[in-house]
């Protein structure tokens with residue numbers, strides 16, 4: 002069976018767009034083949050700056066045949082009393098391309114219909130694939146799309162050529178006015194003009210001989226091996242920042258590492274400054290010695306071969322020297338003043354167009370920090386550090402260094418604060434308060450840093466939500482999701498039992514605006530959603546998360562603890578018993594229940610037993626939850642299961658006498674309330690296999706609806 | 261080849277792009293922050309008329325001035341601006357051939373097109389493209405215009421902006437712009453240093469804020485009045501004046517945060533009106549360059565001197 006190759010040749014794609022595009026290509030290809038009923042083997046994708054490619058092994062040269070049954074008009078409309086087809090049946094048969102006498106009357110969902118059995122004639126893959134592949138390519142979506150030339154087509158960068166081959170046959174795919182052929186292009190500099198590709202098997206080899214290593218995994222190996230070897234020659238190891246490594250893999254078609262050096266005197270610059278200049282601005286890896294001290298070398302990755310490396314190195318060294326000299330100049334200029342001397346300049350720096358300046362934000366942070374310190378009864382020394390850190394934390398934004406290297410915000414503040422002789426916890430907090438700064442980054446580690454991070458993030462969240470800029474879809478320009486995640490992590494790390502809504506309210510008050518309670522609702526709900534997503538990411542079942550969150554109000558710490566406890570407890574066999582007892586008791590509850598339980602009206606011992614158990618268990622559960630011990634609380638609830646079962650066996654809850662009935666319902670409500678002290682068990686999904694994927698979530702919801710309808 | 265001077269670089273680029281069929285325009289005679297603001301870019305990129313142009317544009321950025329004390333920061337720098345509409349399919353290759361014309365042997369270097377999206381909020385303009393790096397030094401900006409003056413760019417123009425100081429510094433291996441050899445025996449510093457120092461002192465310390473403000477208001481009113489009168493190009497001149505006065509006020513530290521947003525929006529609005537008016541006027545004229553382009557034989561341009569060398573030299 003032939004192999005399939007599709008290569009989209011482009012101008013240099015944004016590196017971060019390539020991996021997602023390859024995933025879309027693979028999925029699109031898989032779906033297209035399935036929809037066309039073409040059997041195929043393994044799918045592999047390759048991506049480089051100038052090309053996205055997908056190879057599919059062993060593609061059937063014909064479609065699988067298929068018989069399709071199409072439901073037509075109702076049988077009584079399609080056939081007359083003698084069973085002869087009516088006009089309706091004749092029209093339907095014609096539309097489906099089957100002889101009318103082949104229509105069958107069949108029962109579908111309880112009614113009889115005329116059904117056409119349509120046999121799809123299998124076509125050659127080469128005939129049906131071009132249209133489908135065109136669709137796959139045009140449906141690719143990127144973070145930003147553009148038009149070029151006179152065309153209307155949109156892609157990440159202009160498409161310049163395409164290769165589409167099934168076996169040795171060119172597939173007539175056409176996108177953006179570019180018609181696919183068998184001709185690819187090699188490396189921009191190393192390649193020697195267009196090259197023909199005979200078939201998918203030859204693809205990698207043809208490209209390699211044209212200077213392109215198209216397999217991204219191989220490029221990764223090349224970069225890691227070469228940089229490691231080059232660093233070793235100077236007794237160091239490369240600092241292989243993962244984001245930079247990914248970027249270099251996707252911005253070179255033939256990576257070649259080289260080592261350059263810089264003047265040792267630049268090592269007096271703060272380490273983060275050196276690393277930022279090298280990594281972010283020049284895309285170089287730094288080199289460290291065994292003691293994790295920076296060495297005066299860097300590793301650049303060129304897109305080219307090993308020739309003329311001395312010239313290239315000389316160029317890179319020249320550029321880096323100018324960059325480092327710049328950085329040194331900025332640090333020297335900045336250090337002419339103390340960090341706090343920059344505070345007045347924050348008046349001229351905008352936080353957000355509708356929310357005023359950074360100076361105003363700073364004032365709000367100090368006030369909010371004072372509020373938090375009061376709430377948490379912080380000691381004097383910690384309070385002092387927190388307020389000082391809040392005062393200084395934004396000052397570095399107007400320094401020359403941060404102006405030049407915005408990603409060093411906070412880091413520069415910390416370095417300058419240390420040099421100014423600020424207390425270590427103050428400096429550290431300034432450095433930490435933006436964290437987590439990106440996906441995978443950790444929350445602040447120190448108490449002062451975490452609290453400063455908390456007030457900064459809640460201030461941002463409340464303000465941005467207040468002016469109506471709640472993130473939608475992938476759009477989150479103010480990083481609110483990350484801020485919310487930071488808040489949730491900080492609350493868990495410091496184990497802050499904090500009425501979050503009140504904190505948000507204090508933050509809103511800092512803006513001096515009249516935002517309605519709906520803004521606070523939005524903020525608290527946004528935080529709850531982040532917690533929910535994070536817990537599910539950590540592997541807690543979504544239904545247990547919901548059960549925990551539903552009874553926790555704005556106490557996210559309690560919500561997280563409850564969810565973890567439920568998750569641990571759900572693995573035990575007793576959990577099913579607990580759920581069944583809750584389900585029985587809650588299902589029958591109604592508004593008919595009396596406002597209070599009256600033991601005088603009990604008729605059998607089972608009622609007394611349940612009553613006593615409910616009171617005793619409630620009290621014990623309260624004690625356990627007050628101490629945050631939800632696992633223990635769940636254990637206490639077990640004592641209710643047997644009395645609940647008993648009462649259903651012993652009496653008819655819905656007794657004919659209204660007073661007795663109302664009393665029994667009130668008794669069951671008492672038991673249900675005890676359960677609800679720990680979690681909202683009505684959110685729990687009980688099925689033989691527990692779903693954990695989003696897909697499973699949907700499935701489970703339907704299951705639940707069906708149960709509810711019963 | 262001996263090492264190119266600053267003026268050699270300019271002349272080599274002029275020759276190269278003339279051979280690519282570009283009209284060699286001259287710098288605009290008003291203060292602008294970039295070649296993009298030259299009417300030969302901003303206005304000509306609008307509408308359906310094909311257009312190829314290249315020119316040097318001295319670009320004033322008051323906030324970037326450093327009194328001539330910083331080797332890399334300039335109040336005024338020189339851009340070599342190239343615009344081709346519609347963007348040709350082989351534009352990257354053409355650009356690389358232009359580097360060969362500057363004596364840069366591509367195989368001996370590391371040339372990279374690194375993603376860079378461009379936006380000019382005061383012009384209502386945006387585009388996608390790259391910064392071009394040569395052995396780690398940024399030497400050019402490469403942009404496919406998507407929007408100009410708030411209008412969809414159709415067909416799409418490609419804009420190539422060479423940083424002339426950066427490129428010459430690279431070629432001559434100078435660590436300061438002021439050490440560049442502009443002409444044989446004459447450095448960039450000898451020509452430019454006094455202006456840099458004085459203009460920086462003017463923008464940061466001496467510019468009279470009230471005069472600048474009054475100028476902005478007057479320019480804005482004049483632009484608006486001229487637009488109403490249907491005089492697009494004079495109106496656009498006044499928009500450019502406003503834009504420069506805004507930059508001066510900004511460098512002078514005279515603009516508060518809230519004001520900043522409004523002033524930028526006012527510039528953008530005027531630019532948008534100019535763009536709309538310009539397209540409407542060209543339409544009334546029957547988009548004359550559509551005809552000119554049809555008549556213009558490609559052979560008229562001199563053959564590219566460097567074609568033999570090619571991008572893969």
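Residue numbers (my numbering), protein chains in the order written: chain R, 2 to 711; chain B, 261 to 573.
Don't be surprised by glycine CBs; every beta carbon is placed ideally from N, CA and C.
Practice item. Within the same chain, show all residues whose beta-carbon is closer than 7 Å to that of residue 485/R, passing over the 5 residues directly before and after it, in chain order. Key: Cβ neighbours of residue 485/R within its own chain (closer than 7 Å, five residues either side excluded): 462, 527, 528, 531.
* Asked: Helix, strand or coil: which one does DSSP assign to residue 233/R?
  -> helix
**Prompt:** Does the stretch 652-670 of chain R come close enough to the stretch 592-599 of chain R that 3 or more CB-CB pairs lie under 8 Å?
**Reply:** yes
Check: Residues in the stretch 357-374 of chain B with C-beta within 9 Å of chain R's C-beta atoms, listed in sequence order?
Finding: 365, 366, 367, 368, 369, 370, 371, 372, 373, 374
Original post:
DSSP on residue 410/R, reduced to helix/strand/coil?
Top reply: Correct three-state label for residue 410/R: coil.
Practice problem: Alpha carbon to alpha carbon, how far is residue 287/B from residue 369/B? Give it in angstroms, no decimals. | Solution: 31 Å
Consider the Cβ of residue 353/R: report whether some Cβ of chain B lies at a distance smaller than 8 Å.
Chain B places no beta carbon closer than 8 Å to that of residue 353/R, leaving this residue out of the contacts.
In chain R, which residues lie less than 8 Å from residue 390/B when you measure between Cβ atoms? 13
Exercise for review: Report yes if the C-beta distance between residue 346/B and residue 150/R is below 8 Å; otherwise report no.
Suggested key: Yes. Within cutoff.
Under 8 Å between C-beta atoms of residue 26/R and residue 11/R | no
_For the stretch 159-179 of chain R, list every residue whose C-beta sits within 7 Å of some C-beta in chain B, in sequence order._
Look at the stretch 159-179 of chain R: the residues with a C-beta under 7 Å from a C-beta of chain B are 161.
Residue from 211/R, 18/R, 227/R, 181/R with nearest C-alpha to residue 157/R
18/R
Check: Does the distance from the C-beta atom of residue 363/B to that of residue 424/B stay below 8 Å?
Finding: no
| task | Consider the Cβ of residue 1/R: report whether some Cβ of chain B lies at a distance smaller than 8 Å. | result | One cannot answer for residue 1/R here, as it falls past the ends of chain R, which runs 2 to 711.
Specify whether the stretch 304-311 of chain B and the stretch 410-425 of chain B touch according to this definition: at least 3 beta carbon pairs, one from each stretch, less than 8 Å apart. Judged by Cβ distances under 8 Å, the stretch 304-311 of chain B makes contact with the stretch 410-425 of chain B, as three or more pairs qualify.
Practice task
Return yes when the Cβ of residue 430/R is within less than 8 Å of the Cβ of residue 390/R, no when it is not.
Solution key: yes
Starting from residue 516/R, find everything on chain B with Cβ-Cβ shorter than 8 Å and list it in chain order.
Those within 8 Å of residue 516/R in chain B number zero; the least Cβ separation is about 20 Å.
Query raised in the report: When the Cα of residue 7/R is compared with those of 63/R, 104/R, 174/R, which residue comes out closest?
Result: 174/R
Quiz item: How long is the line joining the alpha carbons of residue 525/B and residue 382/B, rounded to whole angstroms?
Solution: 7 Å
(Q) Closest to residue 504/R by C-alpha separation, out of 534/R, 482/R, 458/R, would be which residue? (A) 458/R
> What residues in its chain sit with their C-beta under 7 Å from that of residue 29/R, if we drop five residues either side in the sequence?
Replying inline: Cβ neighbours of residue 29/R beyond the five flanking positions: 137, 140.
| task | Say whether chain R places a C-beta atom closer than 8 Å to the C-beta of residue 279/B. | result | no
Exercise for review: Report the three-state DSSP secondary structure of residue 690/R (helix, strand or coil).
Suggested key: Low confidence applies to residue 690/R: its pLDDT is 43, below 50, so where it sits in the model is not reliable, and the reading given next is rough at best. Coil at residue 690/R, not helix or strand.
Residues of the stretch 449-463 of chain B whose Cβ lies closer than 7 Å to any Cβ of chain R, in chain order: Listed in sequence order: no entries.
* Asked: Does DSSP put residue 146/R in a helix, a strand or coil?
  -> coil
7 Å CB neighbourhood of residue 44/R in its chain, flanking five on each side removed: 27, 30, 31, 55, 57
Over what stretch of residues does the beta strand (DSSP E) that includes residue 387/B continue unbroken? DSSP places residue 387/B inside the beta strand (DSSP E), whose first and last residues are 385-394.
Which value, in whole angstroms, describes the spacing of the CA atoms of residue 690/R and residue 444/R? At residue 690/R the pLDDT is 43, less than 50, meaning the model places this residue with poor confidence; the figure from the coordinates comes in the next sentence. If you take the alpha carbons of residue 690/R and residue 444/R, they lie about 35 Å apart.
- request: Just confirm the distance between the C-beta atoms of residue 453/B and residue 328/B, as a whole number of angstroms; I'd bet it's less than 8 Å.
  value: Contact flag correct, Cβ pair sits at about 5 Å.
Quiz item: Based on Cα-Cα distance, which residue from 419/R, 550/R, 286/R lies nearest to residue 562/R?
Solution: 550/R
If we cut at 8 Å on Cβ distances, does residue 316/R have a partner in chain B?
-> Any Cβ of chain B closer than 8 Å to the Cβ of residue 316/R would place that residue at the interface, and such an atom is present.
ask   = When the Cα of residue 315/B is compared with those of 360/B, 292/B, 468/B, 285/B, which residue comes out closest?
value = 285/B
Quick check: is the beta carbon of residue 674/R nearer than 8 Å to any beta carbon in chain B? no
- Per DSSP, what kind of secondary structure is residue 376/B in: helix, strand or coil? If DSSP states are grouped into helix, strand and coil, residue 376/B belongs with the strands.
### Message
My output table needs one value for residue 269/B: the three-state DSSP class, helix, strand or coil.
### Response
Residue state, collapsed to three classes: helix.
Rounding to the nearest angstrom, what Cα-Cα distance links residue 310/R and residue 261/R in this structure? Between the C-alpha atoms of residue 310/R and residue 261/R there is a straight-line separation of about 10 Å.
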